[in-house]
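For reference, the structure discussed in these notes is given below.
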Amino acid sequence: MSEAVHTLEGWFALHDFRTIDWTSWGAATEAERQEAIEELMAFMNNWADIEESKQGSSTAFTVVGHKADIAFMHLRPTLEDIEEVENEFNKTAFASYTVRDYSYVSVVELSSYMSKEADPMQDPAIQARLYPALPKTKHVCFYPMNKKREGNDNWYMLSMEERRGMMRSHGMIGRSYAGRVTQIITGSVGFDDWEWGVTLFSDDPITFKKLVYEMRFDEVSARFGEFGSFIIGNRLTNERLPEYLSL
Ligand code: 76R
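FYI, the numbering for the sequence shown is 213 to 459, going by my numbering.
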């Protein structure tokens with residue numbers, strides 16, 4: 213058996229995708245809409261305190277294209293906390309004007325292919341990556357992925373050395389995008405239908421395209437990467453919310 217890579221887990225994650233039922237939203241009275249918007253803003257305002265007290269982080273974005281309209285990404289210390297924030301939204305009046313397209317459950321993951329530390333949990337940089345404040349960039353990109361298990365292209369049959377070599381090359385490409393893209397890798401083996409969720413944050417959507425494309429030529433993605441649906445969106449702040457929802 214090949215040696216399993218050791219992983220560190222941080223906060224649990226939920227990506228929650230909703231489509232707005234514009235017909236029923238339009239059929240509501242102005243007062244009902246106003247109340248729903250205020251309640252939704254209160255829900256989102258609460259996130260600053262959560263982040264401040266290091267109890268998690270949440271962000272909202274609007275999705276471009278048909279796959280959803282609005283999406284939330286939540287990070288919380290426990291799976292129960294994740295369920296609570298999911299449920300809290302479900303109980304808002306605004307949620308009743310939405311249908312759920314997709315969701316993704318995972319946990320922030322760092323693998324140790326590159327680490328040399330004996331006790332990485334003591335490293336503040338590692339802590340910051342396991343328990344991150346979600347970046348406030350203008351754009352977000354999300355997709356789930358697997359590493360292939362097929363014939364000669366079975367990632368899980370490779371030796372640790374082979375995998376480490378490929379992950380080093382992967383990390384080098386990633387690092388050349390430092391300052392332009394922040395990536396959060398969340399592991400979902402045992403939690404959801406793919407092995408990882410990839411969430412990228414940037415102020416320039418073209419950077420997502422360039423980064424993902426460049427990685428396609430790198431062995432680990434070229435040979436072993438299998439990808440789900442890509443979702444791209446724009447950050448939804450409380451300031452933008454009333455305008456986005458106004459008719
Ligand atoms: O953690 C580190 O910085 C060390 C290097 C590193 C690891 C171990 C790293 C760096 N990644 C790691 C693990 Mn990554 N990453 C992806 C995708 O579209 C594609 O082809 C793949 C999707 C992107 C865009 C990306 C970006 N990475 C992983 C894993 C887990 C693998 C495993 O355990 O087998 C996956 C699935 C994955 C996928 N990666 C980076 C980036 C970027 C931008 C970096 C540099 C991060 C930085 O140094 O700030």
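The C-beta atom is built at its ideal place from N, Cα and C for all residues, glycine as well.
Under 8 Å: do the stretch 344-357 and the stretch 265-284 share three or more Cβ pairs, one atom per stretch?
In this structure the stretch 344-357 lies against the stretch 265-284, because at least three pairs of beta carbons, one per stretch, are closer than 8 Å.
Under 8 Å: do the stretch 279-286 and the stretch 419-433 share three or more Cβ pairs, one atom per stretch?
Verdict: no, contact absent.
Hey, would you say S318 sits closer than 8 Å to D228, going by beta carbons?
no
With DSSP run on the structure shown, which of helix, strand or coil describes G386?
For G386, the secondary structure class from DSSP, reduced to helix, strand or coil, is helix.
Consult DSSP for F429 and reduce its assignment to one of helix, strand or coil.
coil
Closest by CA to G222, which one among P332, S433, E451 and D233?
The shortest C-alpha separation from G222 is found at P332.
Using DSSP with H/G/I as helix, E/B as strand and the rest coil, what is G238?
helix
Restricting to Cα atoms, I'd like to know which of W234, R375 and R288 is closest to E215.
For the residues W234, R375 and R288, the minimum Cα distance to E215 belongs to R375.
Environment of L453 [buried if 16+ CB atoms lie within 10 Å]
buried
I'd like to check one pair, G399 with T219: are the Cβ atoms closer than 8 Å?
A Cβ-Cβ contact shorter than 8 Å links T219 with G399.
Which residues in the same chain as T304 place their Cβ atom closer than 8 Å to its Cβ, once the five residues preceding and following it in sequence are excluded?
A248, E251, L252 and F255
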